[in-house]
Amino acid sequence: MTMLTDKQAGVAGAEAGSRARLNRNRVLVLALSVVLALLPVLPTPEFWITLGNYIGLYSIVAIGLVLLTGVGGMTSFGQAAFVGLGAYSTAYLTTQFGLSPWFGLLVGLVITMASAYVIGLITMRMSGHYLPLATIAWGLSLFFLFGNLEFLGKYDGLNGIPVLSFFGVELQSGRSMFYLIWAVVLLAVLAMQNLLNSRPGRAIRALKGGGVMAEAMGVNIAWMKVVIFVVAAILACVSGFLYAHLQRAVNPTPFGLNYGIEYLFMAVVGGVGHVWGAVLGAGILTILKDVLQGVLPKLLGANGNFEIIVFGVLLVLLLQYARDGIWPFLVPAGPPVLAPGQAAGLAVRQKPEAGELILDVRAARKQFGGLVAVNDVSFQVRAGEIIGLIGPNGAGKSTTFNLVTGVLPVSGGEVRYRGEVISGLPSREIVKRGIGRTFQHVHLLPTMSVLENVAIGAHLRGDFRAQGGVCAAILRMNKAEEEKLLFEAKRQLERVGLADCMYMEAGSLALGQQRILEIARALCCDPALLLLDEPAAGLRYKEKQALAELLRKLRGEGMSVLLVEHDMDFVMNLTDRLVVMEFGSRIAEGVPEEVQKNPAVLEAYLGGVE
Ligand code: ADP
Ligand code: MG
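Numbering (the numbering used here), first residue to last: -1 to 608.
Put into structure tokens, the structure is as follows:
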């Protein structure tokens, strides 16, 4: 009884902690808004207003980089070039044709989105360093383009850009631009927070670490990467637009590669995974740069951009001692602040009739170079069965799972699911058809709450097109969807017995519980077939019993389960049939009692019994 109340207190505490973080964010936004609103009306020196304007402009770009680099794990050095597109589009159209700046903004956005889309499409499918390299090339080439085009005024640029007028108010002074710039900053922060706390946002957060898990939950990771590349570019473009109308003149210098690097600095310094960190980083670097530009030449007795050296040292120190930047030191991190709604459940897939042939693995083969990890293995799973896949370490069990779920392509043979050949499909298509899975080496987002981790499993069950919903999330038009998905995640957590940990960081769970979390996440996919890779590893006796009970209950509801497990008691008492693998080959198959006595199996497990 006391234990129960303790647990309940724990849940309530965690929920209160989440709320506190949510409130802190609101207080921060409010306090900042008040300070920002007062600055221009108080007798603030012009210099500080100018500095504030620049910090705001840089923040907008850095916020995009938080999404792209900090959250999505993709490095771009080319953001300054997108800033340039925004600035030059409006500069050219307003000065040469006398068009409205807002039309210039529109054209800038179209050009930016189109170019980001193309660059994204080309590079996102490639792995590793192609994106940073491509963004460097993009940054360099656009800089030289700006500098060499006659109609853009070459390196002198364009002058005489008109003043922005906003609902009839002319934003003539730096003070009036200040309001517009910082309104955009705050909107960008809110938009980014909205996006990150949504279904597509969770998919974006799941991109880091390769995205195998995200893809297995139905996320089209290549597409998601293109989307966030475009979103980050849009923010850069808007910053450029504002810059052009603040400065009233543009030339290529601020859009060169070194500015691209500075933007990345800002995001890293502030805290590359934190939206507010972008504003902090932009503030720190802008002020520091200004101070250093004044002090260093005097100290060193020579002119030059010495601040770059200081920035370089600063970056190295940060990467050494504070990888997440400065923001987490100011505001301790915690899992995001989402709580499940009270929505009705999601639609559930019709389960196949008991006994229907659901999974048919036919001579599936996987070779890694010379190693045959899975050697023409065949077996079947019928609806409503629990099948155990057992064998010594390295037998090829996990690889077989990867072949079935499309994480790896087969080298030969085929896999059929309910009569359809699924080998060759990407894993996001396979999960769509109803195969959910867990991983032997857990794939979860350690700093995200347990609840949100589980909700990733429901990616394909949202209101919006599976890979869409980004705009709806930014505009907070996804409330109904969020309520349904989080409610479903909570329901699955209750089912597996982890509801008490809902608001905890997933990384703080014991390894055994992390595996259970993965089961809840797989259940969120609404599968008809569940593939569990060593689900009981790391569980205590009681927990194993509870897991076996859960799997029996699922079977009772028409679920089919294929599981890899080393605990023989667990397997023998639970499964309907066993498939035994050794060195990539299937060596036995049958009901547990038979398999237990099979000489080949005994040989494989015990190294021979005479
Ligand atoms: P099990 O899950 O039965 O312990 P695995 O399927 O993980 O075995 O591995 C089977 C064999 O394939 C092992 O020898 C392993 O080293 C090899 N293997 C697994 N994945 C890869 C990979 N991506 N590249 C190369 N070899 C691999
Ligand atoms: Mg394995």
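Even glycine gets a Cβ: it sits at the ideal position worked out from N, Cα and C.
Since we're looking at a predicted model, the values are computed, not measured.
Endpoints, alpha helix (DSSP H) assigned at residue i
i           : result
residue 501 : Run containing residue 501: none; DSSP gives neither H nor E here.
residue 87  : 77 to 95
residue 558 : Careful: residue 558 lies outside any alpha helix (DSSP H), inside the beta strand (DSSP E) at 558 to 562.
residue 44  : 44 to 63
residue 214 : 210 to 214
residue 567 : 566 to 572
residue 103 : 99 to 122
Simplified DSSP assignment, three categories, for residue i
i           : result
residue 442 : coil
residue 354 : coil
residue 14  : helix
residue 520 : helix
residue -1  : Unreliable placement is indicated for residue -1, whose pLDDT of 40 sits below 50; the coordinate value is still reported in the next sentence. Reduced to three states, the DSSP call for residue -1 is coil.
residue 513 : helix
residue 534 : coil
residue 506 : helix
residue 609 : Shown here, the chain extends from -1 to 608; a query on residue 609 therefore has no answer.
residue 447 : strand
residue 132 : helix
residue 543 : helix
residue 231 : helix
residue 361 : strand
residue 494 : helix
residue 248 : strand
residue 608 : Note that residue 608 scores 42 on pLDDT, short of 50, meaning its location in the model is unreliable and no value can be drawn from it.
Touching by the beta-carbon criterion (3+ pairs, under 8 Å), the region 513 to 520 and the region 486 to 499: yes
Any heavy atom of ligand 3 nearer than 6 Å to the CB - residues listed: Although ligand 3 was asked about, the structure shown includes only ligand 1 and ligand 2 as ligands.
Those runs of the beta strand (DSSP E) which lie wholly inside the region 154 to 204 and span at least 3 residues: 162 to 164 and 167 to 169
Unbroken stretches of the alpha helix (DSSP H), 4 residues or longer, contained in the region 450 to 485: With a minimum length of 4 residues, the continuous alpha helix (DSSP H) runs that stay inside the region 450 to 485 are 468 to 472.
At least 3 beta-carbon pairs within less than 8 Å: the region 135 to 142 vs the region 219 to 233: These segments do not touch.
Contact the region 175 to 194 vs the region 54 to 66: 3+ CB pairs below 8 Å: yes
Complete beta strand (DSSP E) runs within the region 576 to 604 (minimum length 3 residues, chain order): Those beta strand (DSSP E) runs which fall completely within the region 576 to 604 and span 3+ residues are 583 to 588.
Contact the region 524 to 534 vs the region 396 to 413: 3+ CB pairs below 8 Å: yes
Complete runs of the beta strand (DSSP E) confined to the region 370 to 444 [at least 3 residues]: 384 to 388, 410 to 415 and 433 to 435
Sufficient close CB pairs (3 or more, under 8 Å) joining the region 362 to 380 to the region 539 to 556: no
Complete runs of the beta strand (DSSP E) confined to the region 266 to 326 [at least 3 residues]: Taking only runs of at least 3 residues, no beta strand (DSSP E) segment lies wholly in the region 266 to 326.
The region 17 to 28 / the region 204 to 214 touching (three or more Cβ pairs under 8 Å): Three or more Cβ pairs closer than 8 Å define a contact, and the region 17 to 28 falls short of that threshold against the region 204 to 214.
Contact the region 63 to 80 vs the region 233 to 253: 3+ CB pairs below 8 Å: Between the region 63 to 80 and the region 233 to 253, the count of C-beta pairs closer than 8 Å reaches three or more; the two stretches touch.
Given 8 Å, three or more beta-carbon pairs between the region 314 to 333 and the region 341 to 356: no
Validate contact between the region 381 to 388 and the region 572 to 580 using beta carbons, cut 8 Å, 3 pairs: yes
At least three beta-carbon pairs within less than 8 Å, the region 471 to 488 to the region 437 to 453: yes
Touching by the beta-carbon criterion (3+ pairs, under 8 Å), the region 25 to 43 and the region 103 to 119: At 8 Å Cβ cutoff, the stretches do not touch.
Segment contact flag, the region 259 to 277 with the region 54 to 73, C-beta cutoff 8 Å, min 3 pairs: yes
Cβ contact (3+ pairs, closer than 8 Å) linking the region 547 to 567 and the region 414 to 421: no
Stretch-stretch touch, CB-based, cutoff 8 Å, three pairs: the region 237 to 247 with the region 287 to 303: no
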